[in-house]
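All residue numbers for the sequence shown refer to this note's numbering, where the first residue is 195 and numbers rise by one. A virtual CB, placed ideally from N, CA and C, is assigned to each residue, including glycine. Quick caveat: nothing in here was measured; it's all calculated off a predicted structure. Read the structure below first, then the notes.
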Amino acid sequence: MVEAIPKRKRMLSKRISNNRKQRILSTIRNSEELRKGAIEQLERARARLRKVEMEADEYRMNGYSEIEREKVNLINATSDSLERLENYKNEILHFEQQRAINQVRQRVFQQALQGALGTLSVSPQHHHDA
195 MVEAIPKRKR MLSKRISNNR KQRILSTIRN SEELRKGAIE QLERARARLR
245 KVEMEADEYR MNGYSEIERE KVNLINATSD SLERLENYKN EILHFEQQRA
295 INQVRQRVFQ QALQGALGTL SVSPQHHHDA
């Protein structure tokens, strides 16, 4: 009977140590699964980050392209406006030149007419006197 107690203790001790081993192994397996899960999450997060970075680069490039297009459009619109203003200015200059020429012609014509009328009014008197 004396030997039975230490044997029981040993069996109990063995059972406890087996239980402890099982718990440790279970904890290790759980830790390993958690580690694998964390690595998978990290890889997915890295993939999402790469995707977002690529999209950001694409938006940035599209933004620069859009800015360049707007710049070219603005330059073209300004150039067109300047060309229209230049044409308008030339039309005004031509109109003013024509107006000045017409005014000179009108004065020359009036002076010629006045001269002719003066000659006509003087000429008949000379004929009567003669």
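The C-alpha of Asn296 lies about 14 Å from the C-alpha of Leu287.
Here Asn224 has no same chain residue with a Cβ atom under 6 Å from its own Cβ, once five neighbours each way along the sequence are excluded.
Each residue's CA atom was taken as its position, placing Leu307 and Glu290 some 25 Å apart.
Distance from the CA atom of Met255 to the CA atom of Thr272, rounded to whole angstroms, is 25 Å.
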